[in-house]
Amino acid sequence: MLSTVSRQLKSHPALVPLFIFIGGGTVMSGAYLLRLAMGPHVSWNRNGNPEPWNKTEPTHQHKFYKVNMDYSKLKKEGPDF
Amino acid sequence: MAHPSQLGFQDAASPVMEELLHFHDHALMIVLLISTLVLYIIVAMVSTKLTNKYILDSQEIEIVWTVLPAVILILIALPSLRILYLMDEINDPHLTIKAMGHQWYWSYEYTDYEDLGFDSYMVPTQDLVPGQFRLLETDHRMVVPVESPIRVLVSAEDVLHSWAVPSLGVKMDAVPGRLNQTAFIASRPGVFYGQCSEICGANHSFMPIVVEAVPLEHFEKWSTMMLEDA
Numbered sequence: 001m002l003s004t005v006s007r008q009l010k011s012h013p014a015l016v017p018l019f020i021f022i023g024g025g026t027v028m029s030g031a032y033l034l035r036l037a038m039g040p041h042v043s044w045n046r047n048g049n050p051e052p053w054n055k056t057e058p059t060h061q062h063k064f065y066k067v068n069m070d071y072s073k074l075k076k077e078g079p080d081f
Numbered sequence: 082m083a084h085p086s087q088l089g090f091q092d093a094a095s096p097v098m099e100e101l102l103h104f105h106d107h108a109l110m111i112v113l114l115i116s117t118l119v120l121y122i123i124v125a126m127v128s129t130k131l132t133n134k135y136i137l138d139s140q141e142i143e144i145v146w147t148v149l150p151a152v153i154l155i156l157i158a159l160p161s162l163r164i165l166y167l168m169d170e171i172n173d174p175h176l177t178i179k180a181m182g183h184q185w186y187w188s189y190e191y192t193d194y195e196d197l198g199f200d201s202y203m204v205p206t207q208d209l210v211p212g213q214f215r216l217l218e219t220d221h222r223m224v225v226p227v228e229s230p231i232r233v234l235v236s237a238e239d240v241l242h243s244w245a246v247p248s249l250g251v252k253m254d255a256v257p258g259r260l261n262q263t264a265f266i267a268s269r270p271g272v273f274y275g276q277c278s279e280i281c282g283a284n285h286s287f288m289p290i291v292v293e294a295v296p297l298e299h300f301e302k303w304s305t306m307m308l309e310d311a
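Chains A and B, in that order, give the protein sequences.
If you use this note's numbering, the first sequence corresponds to residues 1 to 81, in order.
If you use this note's numbering, the second sequence corresponds to residues 82 to 311, in order.
What follows is the structure in structure tokens.
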């Protein structure tokens, strides 16, 4: 199927940007899903690691992108349980 | 504050609002360029005597008008997301003020050090003094120290309200039973006006917000005076 697509692409090169942007969008969405899955948002092991979001460091960067924030300076504000 | 026949934003009084102004200029310029191009093409198409019936497709122009809009959208999205994340950052506030919406006034609580609280009602039109702004002035202003990060916790005691001050680039819904947080830094001393931004009943248009940014010494004098009066 890939050979059919690449053959048709050679006669219609205008479709290449379409593939690039749709492919790029799919890759970026998949990467963000992976980032969510690997982060402290999801509990994969109900018995061993039930609530990973409760175990984050005070310096953990929760946001995807930081502009002015220096996370290394944050301290834990609440008591230890 | 707003002035008659105003078209653009009010002058920025906080760094976030400056960023928003620049982003708006950037996005508006892109929009104006595209609109001018489209208008020109429309006029050119409609007013030409040339006719060509034999072009069926063109790969080059298709590539251009796929890639160029995508690039333009990325050029709009990147500054937009940057400002979005900037607005959400925890910025170590010096002062926390609670703004509670009621029907139909705001009340402000400064409880970091002492127990200071007061209500802020609109000055009725017949009680205005020359020089005051109609439907915008209040009897007590929310005074804040200039150039200090301020955290405002917004909530409501009855129905939905919204605490908005356009020149500071701040708007946060006041939801009963919920505490919303917003923050700002007043870059310059001055008086900044806003109005309730969520329909809340008969006097929704008559519960304005006035923030007065003053140097720290004046703020300390004001809060001492307010505590003594209460």
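All residues carry an ideal CB built from backbone N, CA and C; glycine is no exception.
Fair warning: this is a prediction, and the values are worked out from it, not measured in the lab.
So, does the stretch 83-100 of chain B touch the stretch 245-253 of chain B, judging by three or more C-beta pairs under 8 angstroms? They touch, by the three-pair rule.
Rounded C-beta distance between His21 (chain A) and Ala151 (chain B)? I'm assuming under 8 angstroms. As a working note, residue 21 (chain A) is residue 21 in the first sequence. As a working note, residue 151 (chain B) is residue 70 in the second sequence. In the sequence on display, residue 21 (chain A) carries Phe and not His. Contact flag correct, Cβ pair sits at about 5 angstroms.
Straight-line Cα distance separating Val235 (chain B) from Ser278 (chain B): Counting from 1 along the second sequence, the entry for residue 278 (chain B) is found at position 197. Counting from 1 along the second sequence, the entry for residue 235 (chain B) is found at position 154. Their Cα atoms are separated by approximately 13 angstroms.
Rounded straight-line distance, which links the Cα of Ala245 (chain B) to that of Tyr202 (chain B): Taking the first residue of the second sequence as position 1, residue 202 (chain B) is located at position 121. Taking the first residue of the second sequence as position 1, residue 245 (chain B) is located at position 164. Spanning the alpha carbons of Tyr202 (chain B) and Ala245 (chain B) requires a straight line of approximately 16 angstroms.
Just to make sure I have the definition right: I need the residues of chain A whose C-beta is within less than 7 angstroms of the C-beta of Val148 (chain B). Which are they? As a working mapping, residue 148 (chain B) is identified with position 67 in the second sequence. Within chain A, the residues placing a beta-carbon under 7 angstroms from that of Val148 (chain B) are Pro17, ordered along the chain.
Within its chain, find whatever has a CB closer than 7 angstroms to the CB of Pro160 (chain B); leave out the 5 residues flanking it on each side and keep chain order. Position 79 of the second sequence, counted from the first residue, corresponds to residue 160 (chain B). Cβ within range, chain order: Phe104, His107.
Just the C-alpha distance for Lys63 (chain A) and Ile266 (chain B), rounded to the nearest angstrom, thanks. As a first step, residue 63 (chain A) must be located in the first sequence, where it is residue number 63. As a first step, residue 266 (chain B) must be located in the second sequence, where it is residue number 185. Annotation: Lys63 (chain A) to Ile266 (chain B) spans about 22 angstroms, alpha carbon to alpha carbon.
Can Phe300 (chain B) and Val225 (chain B) be called in contact, C-beta distance under 8 angstroms? For the purposes of this step, residue 300 (chain B) is taken as residue 219 along the second sequence, with counting starting at 1. For the purposes of this step, residue 225 (chain B) is taken as residue 144 along the second sequence, with counting starting at 1. Contact annotation: Phe300 (chain B) and Val225 (chain B) have beta-carbon atoms nearer than 8 angstroms.
Val291 (chain B) to Gln87 (chain B) span [Cα, whole Å]: Residue numbering aside, residue 291 (chain B) sits at position 210 when the second sequence is read from its first letter. Residue numbering aside, residue 87 (chain B) sits at position 6 when the second sequence is read from its first letter. Going from the Cα of Val291 (chain B) to the Cα of Gln87 (chain B) covers about 20 angstroms.
How many Å lie between Leu102 (chain B) and Val119 (chain B) at the Cα? Numbered from its first residue, the second sequence carries residue 102 (chain B) at position 21. Numbered from its first residue, the second sequence carries residue 119 (chain B) at position 38. So the two alpha carbons sit approximately 25 angstroms from each other.
Does at least one heavy atom of the ligand ADP sit under 7 angstroms from the Cβ of Phe199 (chain B)? The ligand ADP is not among the ligands present in this structure, which contains no ligands whatsoever.
Counting beta carbon pairs with one atom in the stretch 129-140 of chain B and one in the stretch 281-290 of chain B, are three or more of them shorter than 8 angstroms? Because the criterion of three Cβ pairs below 8 angstroms is not met, the stretch 281-290 of chain B and the stretch 129-140 of chain B do not touch.
List the residues of chain A that Arg269 (chain B) touches, going by C-beta distances under 8 angstroms, in chain order. In the second sequence, residue 269 (chain B) corresponds to position 188, counting from 1. Simply none; closest approach about 20 angstroms.
Please state whether the Cβ-Cβ distance between Pro13 (chain A) and Gln140 (chain B) is less than 8 angstroms. Counting from 1 along the first sequence, the entry for residue 13 (chain A) is found at position 13. Counting from 1 along the second sequence, the entry for residue 140 (chain B) is found at position 59. In this structure, Gln140 (chain B) lies closer than 8 angstroms to Pro13 (chain A) by Cβ.
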